[in-house]
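Residue numbers are given in my numbering: position 26 of the sequence shown equals residue 573, and the series is strictly consecutive. Data block below; observations after.
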Amino acid sequence: MAVQKVSSQISTVWIPSSIQEAVSLKNRLAPDAAYVSGATLLQLKWQAGVEMPKHHISLEKIPDLRQLNVDKGHLEIGAGTTLSTLRNHSVIRTVHPIISEAAKTIAAPAVRNRGTVGGNVMWGEGDLIPLLLTMEAQLTFFAKNGFQTVEMADWLNSSDFRDALLVKVSIPERDSSTQSFYRKIGRRETFTAAIVTIAGQVRFSNKDGFTEVRLAIGGGSNKPLRLVKIEQYLLGKSVEKIHWPTVYQWILKEFHPSSDAFVSSEYKKKVAANLIISELRRLLFLQEEACV
């Protein structure tokens, strides 16, 4: 199928039907071209007065970007998968229900119907990123050397693949005893940008304490990050040996959000610290109850 071309006063939209066609167009039209799918973020930028690229390469007609596969708990999500699909797909709700819960908190239903996983990730500050970080997600891109897969944590801390085409997000199978949490706090209850978003994946036993800890913060304008020092502190510790004021202070030290017109940096830090400690203690309480 030939590449479609649609022109307007604002830009030219190209509609390829395959990953290879999309990448070929991007290489030919660079640097005045950008990939788009749901275009919800692009619309916000345009409304804010940001200059738009001359060429938009629409990814909506590429079926390979909308595939969703699961094999024994290993989940592969095509970058063109909509946030509504994450919210409602029966496989995701069964294998990784925390992903469905997270998708429910992102934007309004109309935006979720258009917005995609790829757009949320490639933005670099999307609300899904903290959760995907704790799930040790991998990103597969199609670049100059073909398909290449990288750890999401490594990608966030480098400039590699920033202009490449994201093909899919892969999430490894998790242990059945792993417990998860995800919280997004906004300026109002729903349909709002995040003040802060937190996520965690932990395993705990009464005998060995925390045997697995992965914690992450992000959301809004905050750069997503794993709380590595706190993870190391908690690993192997029983409930009796955890000094929660120390955890609280380390979160304040590791997290460096920026202030905005509505919320100060210090407020964001305190919200994040309180949320993470609250969720960890809730999971520990549930673990103790299950053992009674």
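Glycine included, C-beta positions come from ideal geometry on N, C-alpha and C.
So is V638 buried or exposed if we call it buried at 16+ other beta carbons inside 10 Å? By the neighbour-count criterion, in which a residue is buried when 16 or more other Cβ atoms sit within 10 angstroms of its Cβ, V638 is exposed.
Could you tell me the alpha carbon to alpha carbon distance between S825 and F757, rounded to whole angstroms? Approximately 16 Å, taken between the alpha carbons.
I need the DSSP call for T793, collapsed to helix, strand or coil. In this structure, T793 counts as helix in the three-state DSSP scheme.
If we count the other Cβ atoms within 10 Å of its Cβ and call it buried at 16 or more, is L799 buried or exposed? Exposed, by the Cβ-count rule.
Residues near K784 in its chain [Cβ-Cβ closer than 8 Å; skip 5 each side]: Excluding positions up to five away in sequence, the list reads G756 and F757.
Run through DSSP, which three-state label would Q748 get? In the structure shown, Q748 sits in a strand (DSSP, three-state: E or B).
How would you write the range of the beta strand (DSSP E) that Q779 sits in, first residue to last? Where Q779 is concerned, there is no enclosing beta strand (DSSP E), although the alpha helix (DSSP H) it sits in stretches over V775 to L781.
Note down the Cα distance separating N753 from I777, rounded to an integer number of angstroms. Whole-angstrom Cα-Cα distance: 20 Å.
Counting C-beta neighbours from all protein chains within 10 Å, is the total for P677 16 or more, i.e. buried, or is it exposed? Buried, by the Cβ-count rule.
Inspect the beta-carbon positions of I764 and I745 and report whether they are closer than 8 Å. Their beta carbons are under 8 Å apart, which means I764 touches I745 by this criterion.
Would you identify the three-state DSSP class for G840, choosing helix, strand or coil? Coverage of the chain is limited to positions 548 through 839, which leaves residue 840 absent and any answer about it impossible.
State the Cα-Cα distance for the pair G627 and L686, rounded to the nearest angstrom. Near 13 Å, if we compare the C-alpha coordinates of L686 and G627.
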